[in-house]
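Take any residue in the sequence shown, count from 1 to its spot, add 282: that is its number in our numbering. The beta-carbon is built from N, C-alpha and C at its ideal position, and this holds for glycine as well. Working notes, structure below.
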Amino acid sequence: MNNLNQMLKPKSVAVIGASQKPFRAGSIVMKNLLQGGFEGAIMPVSPKFKSVCGVLAYKDIPSLPIVPDIAILCTHATRNTQLFSELANKKIPVVIVLSSDMHLIGSSGQTISDECSAIAKEHNIRLLGPNSLGLILPWINFNCSFSPVTALRGKIAFVSQSAAVCTTILDWANDKQIGFSAFISIGNGVDIDFAELLDNLSVDSHTEAILLYVDTIKDARRFMSAARAASRNKRILVLKAGTTSAGKIAAKAHTGGDDTLDIIYDSAIRRTGMLRVKNTHELFAAVETLTHAVPLRGERLAVMTNGGGPAIMAVDTLFNRGGKLATLNEQTISTLDGLLPYSWSKNNPIDMMGDADKTRYVNTLNTLLDSDDIDAILIMHSPSAVAHSMETAQAVIDAIKDHPRHKRFNILTNWTGEQTAKPARQLFTQAGIPTYRTPESSVVAFMHLVEYRRNQKQLMETPTTAEHVDLSKVELARRWIGDQLLQSNDSLDTHQISPLLNHYGLSTLPTWIASDPIESVHIAEKIGYPVAVKLRSPDIAHKSDVQGVVLSLRNSTEVANAAQAILDRTQLSYPTANIHGLLIQGMAKLAGGQELRIKVKTDPIFGPVILLGQGGSEWDESIDAAAALPPLNMTLARYLIVRAIKEGNIRLQKLPEPINIDGLSEFLVRISQMIVDCPEIHQLDIHPLLANGDEFVILDADLSLKPYVGDAQQRLAIRPYPIESEEIILTKDDRRILLRPILPEDEPLHADFIKNVSKEDLYKRFFSDVGEFNHEALANFTQIDYDREMAFVAVENFSSDPKIIGVSRALINPDNTDAEFAILIRSDLKGIGLGKLLMTKIITYCESKGTGQISGMTMPTNRGMLMLAQKLGFELDVHFEDGTADMVLVLNK
283 MNNLNQMLKP
293 KSVAVIGASQ
303 KPFRAGSIVM
313 KNLLQGGFEG
323 AIMPVSPKFK
333 SVCGVLAYKD
343 IPSLPIVPDI
353 AILCTHATRN
363 TQLFSELANK
373 KIPVVIVLSS
383 DMHLIGSSGQ
393 TISDECSAIA
403 KEHNIRLLGP
413 NSLGLILPWI
423 NFNCSFSPVT
433 ALRGKIAFVS
443 QSAAVCTTIL
453 DWANDKQIGF
463 SAFISIGNGV
473 DIDFAELLDN
483 LSVDSHTEAI
493 LLYVDTIKDA
503 RRFMSAARAA
513 SRNKRILVLK
523 AGTTSAGKIA
533 AKAHTGGDDT
543 LDIIYDSAIR
553 RTGMLRVKNT
563 HELFAAVETL
573 THAVPLRGER
583 LAVMTNGGGP
593 AIMAVDTLFN
603 RGGKLATLNE
613 QTISTLDGLL
623 PYSWSKNNPI
633 DMMGDADKTR
643 YVNTLNTLLD
653 SDDIDAILIM
663 HSPSAVAHSM
673 ETAQAVIDAI
683 KDHPRHKRFN
693 ILTNWTGEQT
703 AKPARQLFTQ
713 AGIPTYRTPE
723 SSVVAFMHLV
733 EYRRNQKQLM
743 ETPTTAEHVD
753 LSKVELARRW
763 IGDQLLQSND
773 SLDTHQISPL
783 LNHYGLSTLP
793 TWIASDPIES
803 VHIAEKIGYP
813 VAVKLRSPDI
823 AHKSDVQGVV
833 LSLRNSTEVA
843 NAAQAILDRT
853 QLSYPTANIH
863 GLLIQGMAKL
873 AGGQELRIKV
883 KTDPIFGPVI
893 LLGQGGSEWD
903 ESIDAAAALP
913 PLNMTLARYL
923 IVRAIKEGNI
933 RLQKLPEPIN
943 IDGLSEFLVR
953 ISQMIVDCPE
963 IHQLDIHPLL
973 ANGDEFVILD
983 ADLSLKPYVG
993 DAQQRLAIRP
1003 YPIESEEIIL
1013 TKDDRRILLR
1023 PILPEDEPLH
1033 ADFIKNVSKE
1043 DLYKRFFSDV
1053 GEFNHEALAN
1063 FTQIDYDREM
1073 AFVAVENFSS
1083 DPKIIGVSRA
1093 LINPDNTDAE
1103 FAILIRSDLK
1113 GIGLGKLLMT
1123 KIITYCESKG
1133 TGQISGMTMP
1143 TNRGMLMLAQ
1153 KLGFELDVHF
1163 EDGTADMVLV
1173 LNK
């Protein structure tokens, strides 16, 4: 996949710049390869030495007896351009570059990195680095790295932009006896990046979980698609650095970081179903948990302890992070009453008292393992003269292993202390039970499991839908934007943009422009009192800086005085500012309402982003807002609102009519639709939006437009629903059918459709007997990534009582060379030409996408499918002995 097979399954390696001198990169890499026990060919290349570490050396790249799968450059950057030319002539497929000084200017006037990348691209060489630590593949004993320590075999893949983070993680993991399936340092990632590695690691049999250390993402669309696909198969954790402005500067110097707000990365990681950890401590804890944890059944945590204080700290951490304690049932409390001293806590956390011995630990643990009201158990131990640290740990380990239900629970341990507790923690590690030094770290580790479960649940949730904006109004909106750009009106305010907002069903407060106090009074008399007067100036970002907003003016004198005062203050404070008059608005019904701020900004990496918060003159979008990537549906919009409330970005007030969350969700969906439809919108700032029950009125807004040329969807990190692929067709029996891409909201329709397909037809489609599809399976069918997968549904009665009667889909591989197709028709509707229509639709789509070929598999007995494929030009290869028939159609050579 993606030409990375030779990198991830190498059989030979050349070390360019191999050295006998200690501490040189060429020496360390050679020693690592030899000591690791790699069974493939290891070929040192050095003009200075006849042998390196006892292995015959070759004087230059042309002298190599075979073409190695990988060449690792342990050379100074100034030599690398010439070396890349030699590697290209040798047709070496993968090159790892350790050098960190590839930013130096080469002989062509470009950076050495650019010179080498150009050669690599021209000759189809895959490049890992520069500034890479190298590559470790423990399952084949391949340590092709500059690391001072190696990696043990395990089920976790680690991919990092930082070499230093790699060595830190390795050192810690070795101490904990935690192993890896792959350890990959991508460095600056000029070629091989996170997306391709996620695609490969997500289908690797040795990999159960993937950890990423990220400075910056370069191709948001590719990353989001790969991460979303991978997170359906594997647990993925992300440690994202550069969260502060100073951190971003450091990241930029390190790997060419970006200025993207951290809250945008946060939103992107959540949207893909991955889990973010905040620091290396959390990453260590998460690795510990992932190595040993079973999938979490629920979120109810029971805590058992011999010390009340540490348990309180654990509970505080749990509730601060949004966790929940299990409620002990009467049977469990009654059983514990018979096992524990009279003064035990009678509640969760279960304080077994300071004199708890190992027997009390075992009896309490067994009682909890017998309960159905608990999903996870945290066992805590403080140094005690009664309960010896190691003896108690061993008793707990034995009790867990002996209990028949122990695999139903996530069990975590916290043995506090150092000298007496460390050997006990080592016992837990050897037994495969997660263990932590502090109460807080143990709860944080548990909450990683909870948050991951919530992200996955969100990924699989069936969304509801908002009513789509009428296409005629979309066209009017686009025409309006075109007119503004023709007139060079690229910076507009509330008064000017209300037509655009109205096309999307968004209400604005009627606004008029006045040039002076006299005209202000005239307009106010016309509107009717009370009114608001606001400054209109493109040069003053915050009107509050000059007290440029005066509300609730009740007569002409107040309006005239307010208007003059605003102009005077502006002239005094900002004498060079452009003043475009004053805005006069009727007063909104502020009483009983809450003001919110919604901002759309175009990020250099992730494209358009929606920010939501409380607003106010001191609003700092980096900390006072929650972010979401369009396109939004009602479910995603609701998650954005709930997150903004949970994180304090919106502080709900006690109002006579509370904010209608569904109404606000629909408002956000409308904003999202506007962004998707109108690529010229560079920035939209609604400040404020007045939310009053289920009424939402825009009081003030600013819009920034920029001409846009090209595919409007390419600027979005997540490809939106391809509305341009919708078409109405007629079948042979004159049924009027809507052919359109599948929607996440189609899950119930898809379930009904499958019920109308016979067992025989389902067997032909899935090559096995399938029962009723559960929610997760249906979500996988309907919640697709339009960038790398497509499914077209044929919908009958689409305007009134829609019913899916056929589906064709194509799963396109990441390098777009092949699309695997499948087709399914309702069993009672065969013979009306639906199969050919759906197949033609999917073929045309893949052809336009530039896909190399489309292929599929069926059974030799499925004559209808084979005849259709033959008519459409597919090459058939029938294997009667295997019971399979392959179908291939070349689209783009």
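field: For Gly-636 and Ala-568, the rounded distance between their alpha carbons
entry: Along the sequence shown, one-based indexing puts residue 568 at 286. Along the sequence shown, one-based indexing puts residue 636 at 354. Approximately 30 Å between the Cα atoms of the pair.
Straight-line Cα distance separating Asp-396 from Met-283: Against the sequence shown, residue 283 aligns to sequence position 1. Against the sequence shown, residue 396 aligns to sequence position 114. With a pLDDT of 40 at Met-283, under the threshold of 50, the modelled position of that residue is not reliable, and no figure is offered here.
- prompt: Just the Cα atoms here: how many angstroms apart are Arg-558 and Lys-1085?
  reply: Position 276 of the sequence shown holds residue 558. Position 803 of the sequence shown holds residue 1085. In a straight line, the C-alpha of Arg-558 is about 40 Å away from that of Lys-1085.
message: Beta-carbon within less than 8 Å of Gln-965's beta-carbon, same chain only, minus the 5 sequence neighbours each way: which residues are those?
response: Here the question's residue 965 lines up with position 683 in the sequence shown. Within the same chain, Gln-965 has close Cβ partners Lys-881, Val-882, Lys-883, Thr-884, Asp-984, Leu-985 and Ser-986.
- prompt: Hey, quick one: how far does the alpha helix (DSSP H) through Trp-762 stretch, first residue to last?
  reply: For the purposes of this step, residue 762 is taken as the residue at position 480 of the sequence shown. Here the alpha helix (DSSP H) through Trp-762 covers 753-768.
message: What does DSSP give as the partner residue(s) for Val-1160 in the beta ladder?
response: Translated into positions along the sequence shown, residue 1160 becomes position 878. DSSP, once it has assigned bridges, lists Ala-1167 as partnering Val-1160.
message: Among Val-756, Lys-936 and Tyr-718, whose alpha-carbon lies nearest the alpha-carbon of Phe-565?
response: Looking up residue 565 in the sequence shown gives position 283. One detail in the question is off: residue 565 reads as Leu in this sequence, not Phe. Closest by C-alpha distance to Leu-565, out of Val-756, Lys-936 and Tyr-718, is Tyr-718.
task: Count the other C-beta atoms from every protein chain shown that fall within 10 angstroms of the C-beta of Pro-1004, then say buried if there are 16 or more, exposed otherwise.
output: Here residue 1004 refers to the residue found at position 722 when the sequence shown is read from its first residue. Counting Cβ neighbours within 10 Å, Pro-1004 comes out exposed, since fewer than 16 surround it.
Residues near Asp-1069 by beta carbon distance below 7 Å, same chain, minus five either side: Position 787 of the sequence shown, counting from 1, holds the residue named residue 1069. Only Arg-503, Ser-507 and Arg-1001 meet the Cβ criterion.
query: Helix, strand or coil: how does DSSP classify Met-729 here?
result: Counting from one through the sequence shown, the residue named residue 729 turns up at place 447. Reduced to three states, the DSSP call for Met-729 is helix.
query: In terms of residues, what are the limits of the alpha helix (DSSP H) holding Ser-653?
result: Walking along the sequence shown from the start, residue 653 turns up at place 371. Per DSSP, Ser-653 belongs to no alpha helix (DSSP H) and is neither H nor E.
message: If the criterion is Cβ atoms closer than 9 Å, does the pair Lys-522 and Val-485 meet it?
response: As a working note, residue 522 is residue 240 in the sequence shown. As a working note, residue 485 is residue 203 in the sequence shown. Taking 9 Å as the Cβ cut-off, Lys-522 and Val-485 do not qualify as a contacting pair.
task: Helix, strand or coil for Phe-505, going by three-state DSSP, please let me know.
output: The sequence position of residue 505 within the sequence shown is 223, counting from 1. Looking at Phe-505 - three-state DSSP - the assignment turns out to be helix.
- request: Measure the alpha-carbon distance for Lys-500 versus Ile-474 and round it to whole angstroms.
  value: As a working note, residue 500 is residue 218 in the sequence shown. As a working note, residue 474 is residue 192 in the sequence shown. Each residue's Cα considered, the two are about 11 Å apart.
query: Of the choices Thr-702, Gly-308 and Asp-1034, whose alpha-carbon is the least far from that of Pro-326?
result: Taking the first residue of the sequence shown as position 1, residue 326 is located at position 44. The residue with the shortest Cα to Cα distance from Pro-326 is Gly-308.
message: I'd like the span of the beta strand (DSSP E) that includes Cys-335, first residue to last.
response: For the purposes of this step, residue 335 is taken as the residue at position 53 of the sequence shown. No beta strand (DSSP E) holds Cys-335; DSSP gives it neither H nor E.
- request: Quick one: give me the first and last residue of the alpha helix (DSSP H) that His-563 is part of.
  value: For the purposes of this step, residue 563 is identified with residue 281 of the sequence shown, where counting begins at 1. Note, His-563: alpha helix (DSSP H), 562-574.
message: For Ile-968 and Gln-829, what's the separation of their Cα atoms in angstroms?
response: Here the question's residue 968 lines up with position 686 in the sequence shown. Here the question's residue 829 lines up with position 547 in the sequence shown. Approximately 19 Å, taken between the alpha carbons.
- request: Within 10 angstroms of the Cβ of Val-295, are there 16 or more other Cβ atoms? Answer buried if so, exposed if not.
  value: The residue you call residue 295 lines up with position 13 of the sequence shown. So Val-295 counts as buried.
query: Counting pairs of Cβ atoms below 8 Å between the segment 987-999 and the segment 1018-1035, do you hit three or more?
result: Flag = no, the segment 987-999 and the segment 1018-1035 do not touch.
message: In whole angstroms, give me the CA-to-CA distance for Leu-981 and Leu-934.
response: Working through the sequence shown from its first residue, we reach residue 981 at position 699. Working through the sequence shown from its first residue, we reach residue 934 at position 652. When rounded, the distance between both Cα atoms is 19 Å.
task: Drop a sphere of 10 angstroms on the beta-carbon of Pro-886, count the other beta-carbons inside from all chains shown, and report buried for 16 or more, exposed for fewer.
output: Along the sequence shown, one-based indexing puts residue 886 at 604. When all chains shown are included, Pro-886 counts as exposed.
- prompt: Helix or strand or just coil, what does DSSP make of Val-958?
  reply: The sequence position of residue 958 within the sequence shown is 676, counting from 1. Looking at Val-958 - three-state DSSP - the assignment turns out to be helix.
query: So, is Met-1147 buried or exposed, given that buried needs 16 or more other C-beta atoms within 10 angstroms?
result: In the sequence shown, counting from the first residue as 1, residue 1147 sits at position 865. Under this definition Met-1147 is a buried residue.
task: Determine, using beta carbons only, whether Gly-299 and Thr-357 come nearer to each other than 9 Å.
output: Residue mapping note: residue 299 aligns to position 17 of the sequence shown, counting from 1. Residue mapping note: residue 357 aligns to position 75 of the sequence shown, counting from 1. Yes, these two residues count as a Cβ contact at 9 Å.
- request: Go to Ser-294, then tell me how far its beta strand (DSSP E) extends in each direction, as first and last residue.
  value: Locating residue 294 in the sequence shown gives position 12, where the first residue counts as 1. Segment 294-298, the beta strand (DSSP E) holding Ser-294.
task: Specify whether the segment 1006-1016 and the segment 1028-1044 touch according to this definition: at least 3 beta carbon pairs, one from each stretch, less than 8 Å apart.
output: no
query: Cα-Cα, which of Ser-414, Gly-945, Arg-510 and Gly-471 is closest to Arg-552?
result: By one-based count along the sequence shown, residue 552 stands at place 270. It is Arg-510 whose Cα lies nearest to the Cα of Arg-552.
field: DSSP three-state assignment for Phe-462, whether helix, strand or coil
entry: By one-based count along the sequence shown, residue 462 stands at place 180. DSSP places Phe-462 in strand when its eight states are reduced to three.
- prompt: Quick one: Cα of Lys-1037 to Cα of Asp-1067, how far?
  reply: To locate residue 1037, count along the sequence shown from 1; it is residue 755. To locate residue 1067, count along the sequence shown from 1; it is residue 785. The straight-line gap from Cα to Cα measures roughly 25 Å.
message: If you measure between the beta carbons of Phe-320 and Asn-482, is that distance less than 9 Å?
response: Position 38 of the sequence shown, counting from 1, holds the residue named residue 320. Position 200 of the sequence shown, counting from 1, holds the residue named residue 482. Not closer than 9 Å, so no.
message: Just to confirm before moving on: does the CB-CB distance between Ile-1087 and Leu-1060 stay below 9 Å?
response: Translated into the one-based positions of the sequence shown, residue 1087 becomes position 805. Translated into the one-based positions of the sequence shown, residue 1060 becomes position 778. No.
- prompt: Contact check, Gln-846 vs Pro-812 under 8 Å by CB: the rounded distance?
  reply: For this step, residue 846 is matched to residue 564 along the sequence shown. For this step, residue 812 is matched to residue 530 along the sequence shown. The Cβ separation is near 18 Å, so there is no contact.
query: In the DSSP assignment, what are the bridge partners of His-685?
result: As a first step, residue 685 must be located in the sequence shown, where it is residue number 403. His-685 pairs with nothing; no bridge assigned.
- request: Please determine, among Thr-702, Ile-518 and Val-337, the residue with the shortest C-alpha to C-alpha distance to Leu-316.
  value: In the sequence shown, counting from the first residue as 1, residue 316 sits at position 34. Leu-316 has its Cα closest to that of Val-337, out of Thr-702, Ile-518 and Val-337.
Through-space distance from Ser-826 to Lys-816, alpha-carbon basis: The residue labelled residue 816 in the question sits at position 534 within the sequence shown. The residue labelled residue 826 in the question sits at position 544 within the sequence shown. Their backbone Cα atoms lie some 10 Å apart in a straight line.
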